[in-house]
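Trainee: In this note's numbering, the protein residues as written are 462 to 1008. Questions regarding the structure given below will be posed in turn.
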């Protein structure tokens, strides 16, 4: 019996062309075409029309030379993740992963860590205001020839002469002050998102980076290393979707961790936590364990859904479309699922308008222009709504996989649809590097991040931690020159967009960006930063004015 599969009806050359750059465990298929009885030129025409490359990015430079001395500022959950990606796991993590892999052979986290490339760094400093965290770092990282010291403040760490670079994983209100101090001292910076906590410091950090070009700053949007996003970039560059008029992204989480209800350490006290240092520029307040461990729930220290989670989705789309800062933002929502004293919303919808943006068109010039980007979030439900980019010719579902559906009304695919070569109900293209499914996911929140392509990607058929690759890129720029994929310009776009979302929510009105003057347009008498930082859910304008 003859083999009637799709691939048997493609020439070997065409098949290999379609599979160029695909990881061993991945899969690409052109499933929407009916190839039976059609001429070879029609088969080739479809492949050539798509011609989407799933190639990895150009390799970063070597890690040879003297070790780079790195300090970590903020050794909480994310801080531990970051230094582990550098090659420095805590003793507790190693023991837990050994146990997990022994009990569950499909848990490959320890194996993947042990197979990581040596990044040739020394972890020489830790700075944390909680003694328990700092002590855990010292116990774990003073071995195998590595010497790690504790510093009480980031100023002491920067002045020590013991670091070439620092990683910042503190609450949001400390991101920019530490980054600015380090950059001015010529120290390289990797800072977690959001890049800043208010508008003024966004400009101040950009000024510092521009004035000190030898210091490399990278923002922690590690999805820029994820294979599916690189593949999506190629699809957009080749105008497969046509004019994209609507993008929808979402956050759905429904557990304590996802709602920022983190555990409170039993040893937390005024004796083990430097409370005044934690507060920094935030309003003075009495010692409060919940504010310390669950700081994301208050505007004084965090940035709410707009800064903490929308920034992931914004940068995911910006790295593909390169649309920059929206002209208008309108945000709404409320505290509807966790009435626990927080003042940031747990349900939020942000509409971002780009009236002059275009991804290209398959129709007559001037007919299509403008795009809306909708971010929708709830911390009270886990339904996975996914990310979709909707174009005139096709729609793209985006996460750890890329799936493209042709549109019934498409101009580009119209003839193929009419002739039955393409079925809009079936993907015309799919790239899925994890076709075997998500594994080694330990919580609903972890699965949320995995599905968005924020935890890992694939290189040469192997699953690799995206954070590891993002840090490697930063270190390569330090050693070999070059620009990080998410540097100060991308971080500026992310931060301003997040702050516009926060302002719109708190003020209850549309916020506008002046791209020529590079400023958010406020009303007379408004102090936008004071409104943004006010530790309350809503603000009546112009209720706050520092002058």
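Even for Gly, the Cβ is constructed at its ideal location relative to N, Cα and C.
Quick one: give me the first and last residue of the alpha helix (DSSP H) that residue 966 is part of.
Mentor: If you number the chain shown from 1, residue 966 lands on position 505. Looking at the DSSP string, the run of the alpha helix (DSSP H) that includes residue 966 is 949-968.
Trainee: What's the gap between the Cα of residue 855 and the Cα of residue 821?
Mentor: For the purposes of this step, residue 855 is taken as residue 394 along the chain shown, with counting starting at 1. For the purposes of this step, residue 821 is taken as residue 360 along the chain shown, with counting starting at 1. Near 13 Å, if we compare the C-alpha coordinates of residue 821 and residue 855.
Trainee: Exposed or buried, which one is residue 603 when buried takes at least 16 other CB atoms within 10 Å?
Mentor: Taking the chain shown and counting its residues from 1, the one referred to as residue 603 is at position 142. Classification for residue 603: exposed.
Trainee: Which word fits residue 660, buried or exposed, when buried means at least 16 other C-beta atoms lie within 10 angstroms of its C-beta?
Mentor: Working through the chain shown from its first residue, we reach residue 660 at position 199. Classification of residue 660: buried, given that the 10 Å Cβ count is 16 or more.
Trainee: For residue 588, name the three-state secondary structure that DSSP assigns.
Mentor: The residue labelled residue 588 in the question sits at position 127 within the chain shown. Of the three classes helix, strand and coil, the one that applies to residue 588 here is strand, per DSSP.
Trainee: Kindly give me the distance between the Cβ atoms of residue 930 and residue 686, rounded to whole angstroms, as I take these residues to be in contact under 8 Å.
Mentor: Here residue 930 refers to the residue found at position 469 of the chain shown. Here residue 686 refers to the residue found at position 225 of the chain shown. The Cβ separation is near 4 Å, so the contact holds.
Trainee: What are the residues that DSSP puts in a beta bridge with residue 789?
Mentor: On the chain shown, residue 789 is found 328 positions in, with the first residue counted as 1. 814, 973, per the DSSP bridge assignment.
Trainee: Please tell me whether residue 976 and residue 790 are closer than 7 Å, where the distance is taken between their beta carbons.
Mentor: As a position in the chain shown, residue 976 is number 515, starting the count at 1. As a position in the chain shown, residue 790 is number 329, starting the count at 1. Their beta carbons are not under 7 Å apart, which means residue 976 does not touch residue 790 by this criterion.
Trainee: Measure the C-alpha to C-alpha separation of residue 618 and residue 580 and round it to an integer number of angstroms.
Mentor: Here residue 618 refers to the residue found at position 157 of the chain shown. Here residue 580 refers to the residue found at position 119 of the chain shown. Those two C-alpha atoms are separated by around 22 Å.
Trainee: Can you tell me whether residue 875 is helix, strand or coil according to DSSP?
Mentor: Here residue 875 refers to the residue found at position 414 when the chain shown is read from its first residue. Here residue 875 sits in helix by DSSP.
Trainee: Buried or exposed: where does residue 824 fall if 16 or more other Cβ atoms within 10 Å of its Cβ makes it buried?
Mentor: On the chain shown, residue 824 is found 363 positions in, with the first residue counted as 1. Looking at its Cβ environment, which holds fewer than 16 other Cβ atoms inside 10 Å, residue 824 is exposed.
Trainee: Where does residue 828 sit, in a helix, a strand or coil, going by DSSP?
Mentor: As a working note, residue 828 is residue 367 in the chain shown. In this structure, residue 828 counts as coil in the three-state DSSP scheme.
Trainee: Between the alpha carbons of residue 663 and residue 773, how many angstroms are there, rounded?
Mentor: Your numbering for residue 663 matches position 202 in the chain shown. Your numbering for residue 773 matches position 312 in the chain shown. So the two alpha carbons sit approximately 18 Å from each other.
Trainee: Please return the same chain residues whose Cβ sits closer than 7 Å to the Cβ of residue 873, not counting the five positions on each side in sequence.
Mentor: The residue you call residue 873 lines up with position 412 of the chain shown. Cβ within range, chain order: 703, 823, 854.
Trainee: As a quick exercise: from 597, 568, 612, 669, pick the residue whose alpha carbon is nearest that of residue 948.
Mentor: Looking up residue 948 in the chain shown gives position 487. Of the candidates 597, 568, 612, 669, the one whose C-alpha sits nearest the C-alpha of residue 948 is 669.
Trainee: How many whole angstroms separate the CB atoms of residue 627 and residue 643, which I take to be in contact at a CB cut-off of 8 Å?
Mentor: For the purposes of this step, residue 627 is taken as residue 166 along the chain shown, with counting starting at 1. For the purposes of this step, residue 643 is taken as residue 182 along the chain shown, with counting starting at 1. Indeed, because the Cβ distance is near 5 Å, the residues count as touching under 8 Å.
Trainee: Measure the alpha-carbon distance for residue 519 versus residue 652 and round it to whole angstroms.
Mentor: Walking along the chain shown from the start, residue 519 turns up at place 58. Walking along the chain shown from the start, residue 652 turns up at place 191. Spanning the two alpha carbons is a distance of roughly 23 Å.
Trainee: State buried or exposed for residue 766, treating a residue as buried only when at least 16 other CB atoms are found within 10 Å of its CB.
Mentor: In the chain shown, the residue the question calls residue 766 occupies position 305. By the neighbour-count rule (16 or more Cβ atoms within 10 Å), residue 766 is buried.
Trainee: Can you tell me the Cα-Cα spacing of residue 598 and residue 832, whole angstroms?
Mentor: The residue you call residue 598 lines up with position 137 of the chain shown. The residue you call residue 832 lines up with position 371 of the chain shown. Taking the straight line joining both Cα atoms gives about 47 Å.
Trainee: Taking contact to mean 3 or more Cβ pairs, one atom from each stretch, closer than 8 Å, check whether the segment 865-885 and the segment 837-854 are in contact.
Mentor: Counting C-beta pairs closer than 8 Å gives three or more between the segment 865-885 and the segment 837-854, which meets the contact rule.
Trainee: Residues in the same chain with beta-carbon distance under 7 Å from residue 755, minus the five sequence neighbours each way, listed in chain order, please.
Mentor: Translated into the one-based positions of the chain shown, residue 755 becomes position 294. Cβ neighbours of residue 755 beyond the five flanking positions: 721, 722, 723.
Trainee: Report whether the distance from the Cβ of residue 922 to the nearest heavy atom of the ligand FMN is below 6 Å.
Mentor: Ligands are entirely absent from the displayed structure, and the ligand FMN is therefore not among its contents.
Trainee: Please give the ranges of any alpha helix (DSSP H) in the segment 726-753, keeping only runs that are unbroken, at least 4 residues long and fully inside the region.
Mentor: 736-740
Trainee: Look at residue 601 and residue 569 and say whether their C-beta atoms are less than 7 Å apart.
Mentor: Along the chain shown, one-based indexing puts residue 601 at 140. Along the chain shown, one-based indexing puts residue 569 at 108. No. Outside cutoff.
Trainee: In three-state DSSP terms, what is residue 675?
Mentor: The count along the chain shown starts at 1 and reaches residue 675 at position 214. Looking at residue 675 - three-state DSSP - the assignment turns out to be coil, as it is neither helix nor strand.
Trainee: Since I believe residue 835 is in contact with residue 866 (beta carbons under 8 Å), could you give me their beta-carbon distance rounded to a whole number of angstroms?
Mentor: Indexing the chain shown from 1 puts residue 866 at position 405. Indexing the chain shown from 1 puts residue 835 at position 374. Not quite, the Cβ-Cβ distance comes to about 19 Å (not below 8 Å), so this is no contact.
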